[in-house]
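**Q**
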Ligand SMILES: Nc1ncnc2c1ncn2[C@@H]1O[C@H](COP(=O)(O)OP(=O)(O)OP(=O)(O)O)[C@@H](O)[C@H]1O
Ligand SMILES: [Mg+2]
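In our numbering, the protein residues as written are 11 to 519.
#1: Quick one: give me the first and last residue of the beta strand (DSSP E) that residue 228 is part of.
#2: Give the secondary structure of residue 180 by DSSP, where H, G and I count as helix, E and B as strand, and everything else as coil.
#3: Which value, in whole angstroms, describes the spacing of the CA atoms of residue 380 and residue 105?
#4: Straight-line CA distance for residue 92 to residue 394?
#5: Based on the DSSP output, what are the partners of residue 391 in its beta bridges?
#6: Would the C-beta of residue 229 count as close to ligand 2, meaning under 7 Å from any of its heavy atoms?
#7: Answer yes or no: the CB of residue 24 versus the heavy atoms of ligand 4, is any distance below 7 Å?
#8: Confirm, please, whether the CB-CB distance from residue 206 to residue 230 is below 8 Å.
#9: Who are the near neighbours of residue 55 in its chain, counting only those whose CB is closer than 6 Å to its CB and skipping five residues on each side?
#10: Using the beta-carbon count (16 or more within 10 Å), is residue 22 buried or exposed?
#11: In terms of residues, what are the limits of the beta strand (DSSP E) holding residue 299?
#12: If you drop the 5 nearest sequence neighbours on each side, which residues of the same chain put their C-beta closer than 8 Å to that of residue 27?
#13: May I ask which residues mark the beginning and end of the beta strand (DSSP E) holding residue 139?
#14: State yes or no: is the C-beta of residue 240 within less than 8 Å of the C-beta of residue 269?
#15: Using CA atoms only, rank isn't needed, just tell me which of 170, 259, 474 is closest to residue 117.
#16: What is the DSSP secondary structure of residue 107, reduced to helix, strand or coil?
#17: Comparing C-alpha positions only, which one of 374, 428, 148 sits nearest to residue 186?
#18: Would the beta-carbon of residue 304 be found less than 7 Å away from any heavy atom of ligand 1?
#19: Hey, out of 323, 219, 505, 444, whose CA is closest to residue 462's CA?
#20: Can you check which of these residues, 139, 481, 483, is closest to residue 29 by C-alpha distance?
#21: Go ahead and label residue 179 buried or exposed: buried means 16 or more other beta carbons lie within 10 angstroms of its beta carbon, across all protein chains shown.
#22: Looking only at its chain, what residues have a beta carbon closer than 6 Å to the beta carbon of residue 158, apart from the 5 residues adjacent to it on each side?
#23: For the candidate residues 251, 262, 90, whose alpha-carbon lies nearest to that of residue 72?
#24: Under 8 Å, do residue 214 and residue 193 count as touching if we go by C-beta distance?
#25: Excluding the 5 residues flanking residue 33 on each side, which residues of the same chain have their C-beta closer than 6 Å to its C-beta?
#26: If you draw a straight line from the C-alpha of residue 190 to the C-alpha of residue 406, how long is it?
#27: Put residue 376 into one of helix, strand or coil per three-state DSSP.
#28: How long is the line joining the alpha carbons of residue 458 and residue 429, rounded to whole angstroms?
#29: Note down, in chain order, each residue of its chain lying with its Cβ closer than 8 Å to the Cβ of residue 9, except the 5 sequence neighbours on either side.
#30: Please determine, among 131, 123, 165, 112, the residue with the shortest C-alpha to C-alpha distance to residue 142.
#31: With H, G and I counted as helix, E and B as strand and the rest as coil, what does DSSP make of residue 399?
#32: What beta strand (DSSP E) runs, 3 residues minimum, are completely inside the stretch 161-208?
#33: Can you tell which of 127, 74, 467, 59 has the C-alpha that lies nearest to the C-alpha of residue 37?
#34: Pick out the complete beta strand (DSSP E) segments inside the stretch 65-112, 3 residues or longer, and give them in chain order.
#35: Report the three-state DSSP secondary structure of residue 519 (helix, strand or coil).
#36: Taking the alpha-carbon of residue 345 as reference, which of 357, 331, 362, 330 has the nearest alpha-carbon?
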């Protein structure tokens, strides 16, 4: 039998940039062409005849005719149903666009691996990946990313296998610890990217008998990132322009132009105290100056939202301070971020790690662990980023309420069980709906139905040839695996029937 070769990679599919790499003898190797410093821009273009990606798709943004066929920041549009782009007879959902962008990146990665690292992609070569996702993403959002990436076909005809989804700030923590000697320490990661903000408290144990790294707490906001800073500045630029050119209307293309100009100004203000802007719209030119002070003032409420998330974590740790605060993500380069963190957490050591690559690098390290041990559980203890429960009808309130079976922050893997009883005689079917919640309430707490997001329903179907008494017991078990794979099992022992379902796709290994 011929040898099966395997390349385990880390993939960071970002709102603005995507990156992938692998670990070779303890050193992270980039799989992105050297010309791409930050990564591949997460952009996709199709005009019905031709598709383009990355830098080439970026060029299409400057022409209104082609700009409407460019999709950007798709990671922030996962909740949108239907097609995000229609081009000729081709239509793309958010999932299709992720498959296109990440597919383009990994096809390029294979070339880099062959040309730079002399990896021979023979017939039996397989590629598997650890893919990072924001803390705040719901199970259906994670599932969408996982399914999109799992459906990528590699040049040799094999599927790209997603071994694991890993929270982004946890991946950054793995990269940080991977570069240091092991010691007992607590770090709090602050990860501000293009579209999402995440924070995680991670503890490292020096004692080899203990699990190496433990995620203690995490928080995320999947709609808070550099894009929002750009939008604030774009709004301000629009006001300036309209003050010079009253009564003008802006098209979607003009708004996108404002956002791109805003992003350029924002990045310039990381270097400069003040920068000049010029807008050339509809033949009218408007210009002026934007100071860093004004920029920071306009965007302060956004920054405060990130600080509040950090504060929540510190409070839940009883006010304890971490040994280090680790800044990562491209938007952590903004000077206001560094200054605000240093001021708010004075006395705590603050350091930055590779803002563009730390997350993918950490994922590559995790992918390497997985190659060595099947679950990597001895290396890192992960926790649930949400709570999960089942909706039951309660007679005392005569309402459906969600009973929490997996609390937020539960150490993975985790299972929670509940018993329930049929409400009517001859009730041949019982349906159980699983909800995802942001709640921090403990296990078995009942919370209102409208505080949860419905994510799946299973139905126990009893044979209808025999009478079923009222109050017939069934047992429901919700399990969140080490890979954050959520499943439900409902059993009626008397009728000897059970039903199972899982929200995440099954991994075929
Ligand atoms: N020098 C800089 N100054 C200010 N902002 C910067 C600078 N360089 C990059 N950024 C911002 O960083 C963001 C991109 O960061 P990053 O690549 O970490 O995000 P991402 O991984 O694509 O997004 P996410 O992780 O949120 O999905 C953009 O908003 C970009 O404008
Ligand atoms: Mg990122």
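Glycine included, every Cβ here is placed at the ideal spot set by N, Cα and C.
**A** On the basis of the coordinates in this document:
#1: 223-231
#2: Three-state result, residue 180: helix.
#3: 26 Å
#4: 29 Å
#5: Its beta-bridge partners are 224.
#6: no
#7: By its list of ligands, the structure shown excludes ligand 4, since it contains just ligand 1 and ligand 2.
#8: The Cβ-Cβ distance between residue 230 and residue 206 falls below 8 Å.
#9: 62, 67, 70, 79, 80
#10: buried
#11: 294-301
#12: 48, 49, 50, 51, 52, 204, 340, 366
#13: Unbroken beta strand (DSSP E) run through residue 139: 136-143.
#14: yes
#15: It is 170.
#16: helix
#17: Looking at the Cα atoms, 374 is the closest of the given residues.
#18: no
#19: 444
#20: 139
#21: With at least 16 other beta carbons inside 10 angstroms of its own, residue 179 counts as buried.
#22: 105, 108, 109
#23: 262
#24: yes
#25: 374, 375, 378
#26: 56 Å
#27: helix
#28: 19 Å
#29: Since the displayed the chain opens at 11 and closes at 519, residue 9 lies outside it and no answer follows.
#30: 112
#31: In the three-state reduction of the DSSP assignment, residue 399 falls in the strand class, which pools E and B.
#32: 171-177, 195-202
#33: 127
#34: Correct list: 95-97, 100-102.
#35: In this predicted model, residue 519 has a pLDDT of only 31, less than 50, meaning its place in the structure is not dependable enough to derive any value.
#36: Its Cα nearest to that of residue 345, the residue 362 stands out among 357, 331, 362, 330.
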